[in-house]
Each structure stands twice: as C-alpha cells, then as structure tokens.
Amino acid sequence: MSDVTIVGLGAMGTALAETLLAQRLKVNVWNRSPEKAKPLIVKGANLSVDIASAISTSELVLISVLDYQAVKEILESATEALAGRTIVNLTNGTPSQVRDMAAWVEKCGGKYLDGGVMVTPELVGGPEAFVFYSGSLAVYKQHQKVLAMLGNPVYVGENFALAAIYDLALLSSMFGMFAGYIHAAALLRSENIPVTDVTPMIMSMLKAMIELFPQTAQEIDTGVYPQPSSNNTMMAAGLKNILDASREQGVQEDLIQPIWKLFQRASTSGLGNKDISALPLLLLRAKPIISPPQ
Ligand code: NAP
Numbered sequence: 004m005s006d007v008t009i010v011g012l013g014a015m016g017t018a019l020a021e022t023l024l025a026q027r028l029k030v031n032v033w034n035r036s037p038e039k040a041k042p043l044i045v046k047g048a049n050l051s052v053d054i055a056s057a058i059s060t061s062e063l064v065l066i067s068v069l070d071y072q073a074v075k076e077i078l079e080s081a082t083e084a085l086a087g088r089t090i091v092n093l094t095n096g097t098p099s100q101v102r103d104m105a106a107w108v109e110k111c112g113g114k115y116l117d118g119g120v121m122v123t124p125e126l127v128g129g130p131e132a133f134v135f136y137s138g139s140l141a142v143y144k145q146h147q148k149v150l151a152m153l154g155n156p157v158y159v160g161e162n163f164a165l166a167a168i169y170d171l172a173l174l175s176s177m178f179g180m181f182a183g184y185i186h187a188a189a190l191l192r193s194e195n196i197p198v199t200d201v202t203p204m205i206m207s208m209l210k211a212m213i214e215l216f217p218q219t220a221q222e223i224d225t226g227v228y229p230q231p232s233s234n235n236t237m238m239a240a241g242l243k244n245i246l247d248a249s250r251e252q253g254v255q256e257d258l259i260q261p262i263w264k265l266f267q268r269a270s271t272s273g274l275g276n277k278d279i280s281a282l283p284l285l286l287l288r289a290k291p292i293i294s295p296p297q
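Residue numbering for the sequence shown is 4 to 297, as defined by our numbering.
Next comes the structure, spelled out in structure tokens:
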C-alpha cells in the first residue's frame with residue numbers, strides 16, 4: 004500500500020506528487036498519458052498501470068485533472084475500486100458538479116472531499132500555498148496531516164459545494180483584476196506608452212484599493228451602507244470616459260463595457276449615491292441574506 008495516490012499528472016498533479024515525495028511519503032500515481040510519470044518515478048513514485056489498481060493501492064486518492072468530465076470518465080472506469088477509499092477531488096468545478104460527484108462516490112462506497120488549490124503549481128507546498136476543503140469534518144481530520152503538506156489547509160464546511168464556491172469567488176476576483184490590467188495595457192500601448200513604466204503605479208494603486216475590501220465586505224454582509232466618498236454615479240461617469248477613450252484610441256471595449264453598464268444601472272436604480280458595496284445587489288437573482296452588524 005502507498006500513503007497516497009495522485010490521479011492526473013498535469014502541471015498541478017505533478018506538483019502535488021513532487022511535494023508529497025519531498026515529504027518522504029509513499030506516492031502512487033496514474034495519468035491517462037503514462038509517460039508524464041517518468042520524472043516522478045525517478046524521484047521514487049510508483050506508477051499504476053490502470054486506474055483501478057491506482058485507487059486500490061492507497062486509502063487516500065487525490066485527483067487533479069482538467070475538468071469534471073475527465074474525473075467522471077476516469078472514476079467510472081474503476082467504480083468497484085472506490086469502496087473504502089477517500090477521494091479528494093482538487094479539480095476545478097461548479098457546486099452542482101461537486102454535489103453530483105460526492106453523491107456518486109458515496110453511492111459507490113467511497114468517502115469524498117472537495118478541494119481547491121489556490122496557488123500555481125510552483126508554489127504548492129510553500130508558505131503561500133493554501134487549499135480549500137469541504138465535506139465531512141471527520142474525513143477531513145483523518146487526512147489533515149497529509150493535506151497540510153500541500154499548503155495551508157482551509158476547511159470551509161460540511162456542505163460539499165463550499166470549497167468550489169470559495170475557489171471560484173477567489174478566481175473571480177483574480178480574473179476581474181486581470182481584465183482591468185489587460186484593458187489598461189491595451190490603452191497604454193495605443194499611445195505607445197511602455198506598460199513596464201506604468202505597472203509599478205498600477206500595482207501601488209491596486210494595493211491601496213485592496214485595503215478597502217474589509218470595510219466593503221462588512222457593508223455587503225450587513226446591508227448597511229454609510230455615506231460613500233466615491234459614489235456610483237461619479238464612477239459611472241469615469242467609466243464612460245474609459246469607454247469613450249478606448250473607442251477613440253482604437254481599443255476594444257469588451258472588457259470594460261459590462262462594468263460601465265453595472266455602474267450605470269446602479270445610478271439609474273437608486274444606488275447612485277452608494278458605492279461598490281451596493282453593487283452585488285444588482286447581480287444577485289435572489290434576495291441576499293443580510294447578516295446582522297457585528
Ligand atoms: P494540465 O496541466 O492541463 O493537465 C490536465 C490533466 O488532466 C492531465 O493530467 C491530463 O491528462 C488530464 N486530462 C484531461 N482530460 C482528461 C480526460 N478526458 N481523461 C483523463 N485525463 C484527462 O492542467 P493542470 O494545470 O494540472 O490543472 C489541473 C486542475 O488543477 C484543474 O482543475 C485546474 O483548474 C486546477 N488548478 C490549476 C492551477 C494551475 O495554475 N495550473 C492552479 C490551481 C488549480 P494527459 O496528461 O493524459 O493529457
């Protein structure tokens with residue numbers, strides 16, 4: 004028996020395996036394309052020839068592949084091996100995909116935890132690494148020691164879907180930031196301004212803005228919005244200038260237009276005198292649950 008089996012040896016699965024090998028664990032691996040296991044075998048990993056024996060070899064099985072369709076195809080070819088195994092699925096997916104997978108694994112007699120690795124492969128196992136987990140606390144505690152080797156484990160609750168929601172919320176913040184930066188870069192290049200020159204100022208401004216998040220979060224959670232210093236109507240006007248300037252400079256407006264539309268909608272729907280903390284109200288289809296002020 005191995006301590007752990009890693010299913011999927013893409014960039015992330017390989018990093019997970021390398022990290023656990025460095026911790027002197029007995030690591031078993033499986034990948035659709037077995038040649039990717041060669042560097043890991045050199046470092047001491049064992050390669051299973053088929054997925055059923057890969058799962059049978061360890062009580063703890065970590066999966067990191069492209070998507071849930073791949074997870075489904077892989078596990079459905081080894082259903083009988085799942086009984087008594089703990090599947091920790093670190094593949095990115097949606098809440099409904101997670102719930103369906105958890106129910107199916109449990110029906111096959113296995114235990115299930117969902118997870119989301121919140122760093123790039125090269126940072127796995129390092130001090131900045133953290134990984135969300137959700138599912139049974141007892142199952143999580145049983146494997147916490149090994150999971151902690153991958154990065155700080157953040158257990159977010161028994162509801163299987165929680166890790167995916169936390170993961171996707173963090174990714175959403177990241178991609179929103181990238182979208183703004185990509186647009187900024189195109190705008191700068193339209194006037195032949197080196198992006199390298201301006202990037203330190205962008206970083207400085209974003210760092211200052213990020214400091215506002217805890218206050219913004221509290222306003223979102225409580226639904227209590229103090230008088231803002233930067234109101235939505237003013238910001239909609241500023242965004243319109245970014246939109247118009249982009250058109251003038253020949254920069255496509257696709258990235259910035261939805262943000263302008265949201266602020267515009269705020270200013271025409273009674274939220275013009277609030278700030279960004281009121282905007283999630285416009286995105287939520289169902290009425291938000293407001294927590295009482297702390
Ligand atoms: P990747 O390098 O593209 O590797 C994809 C893996 O999925 C490979 O092992 C590939 O097998 C396997 N795969 C794809 N389709 C398959 C199928 N139909 N059947 C069996 N195996 C299949 O991706 P990655 O970066 O390792 O990402 C894996 C997961 O980690 C994703 O859910 C991703 O969101 C998450 N993640 C990645 C990062 C990152 O920065 N890379 C960060 C955090 C989380 P083959 O080798 O045979 O093609």
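Where a beta carbon is used, it is the ideal one built from N, C-alpha and C, also for glycine.
Might you give, ordered along the chain, the residues of its own chain that have their beta carbon closer than 8 Å to the beta carbon of glutamine 255, omitting 5 neighbours on each side? Ala189, Ser249
Rounded C-alpha distance that separates tryptophan 263 from leucine 284: 16 Å
Which one of Val157, Met180, Glu161, Phe181 has the shortest CA to CA distance from aspartate 170? Val157
State buried or exposed for serine 80, treating a residue as buried only when at least 16 other CB atoms are found within 10 Å of its CB. Burial call: exposed.
Taking the straight line between their C-alpha atoms, what separation do you get for isoleucine 168 and threonine 97? Approximately 7 Å between the Cα atoms of the pair.
Roughly how many whole angstroms lie between the Cα atoms of alanine 86 and glutamate 109? 8 Å
Using the three-state DSSP reduction, which class does asparagine 95 fall into: helix, strand or coil? coil
Check each candidate in Leu12, Asp117, Val142, Asp200 and name the one with the smallest Cα separation from valine 134. Asp117
Measuring only the C-alpha atoms, how far is methionine 177 from alanine 57? 35 Å
Can you grab the Cα-Cα spacing for the pair glutamine 297 / alanine 239, in whole Å? Because glutamine 297 sits at a pLDDT of 49, beneath the cut-off of 50, its placement in the model cannot be relied upon, and the point is left open.
Go ahead and label isoleucine 44 buried or exposed: buried means 16 or more other beta carbons lie within 10 angstroms of its beta carbon, across all protein chains shown. With fewer than 16 other Cβ atoms within 10 Å, it is exposed.
Coarse secondary structure for threonine 89, derived from DSSP in three states: strand
Apply the 10 Å Cβ neighbour rule to glycine 129 and answer buried if 16 or more other Cβ atoms are within range, or exposed otherwise. Around the CB of glycine 129, fewer than 16 other CB atoms lie within 10 Å, so the residue is classed as exposed.
Using the three-state DSSP reduction, which class does glutamine 297 fall into: helix, strand or coil? Model confidence at glutamine 297 stands at a pLDDT of 49, short of 50, so the residue's coordinates are unreliable; what they give is reported in the following sentence. DSSP places glutamine 297 in coil when its eight states are reduced to three.
Does any heavy atom of ligand 1 sit closer than 7 Å to the C-beta of leucine 76? Looking at the sequence provided, one finds glutamate at residue 76 rather than leucine. For ligand 1, at least one heavy atom lies less than 7 Å from the Cβ of glutamate 76.
Which residues does DSSP list as the beta-bridge partners of leucine 116? Within the DSSP bridge table, the entry for leucine 116 names Val91, Gly138 as partners.
Should alanine 25 be flagged as near chain C, meaning a C-beta pair shorter than 8 Å? Absent from the structure is chain C; it holds one protein chain and no more.
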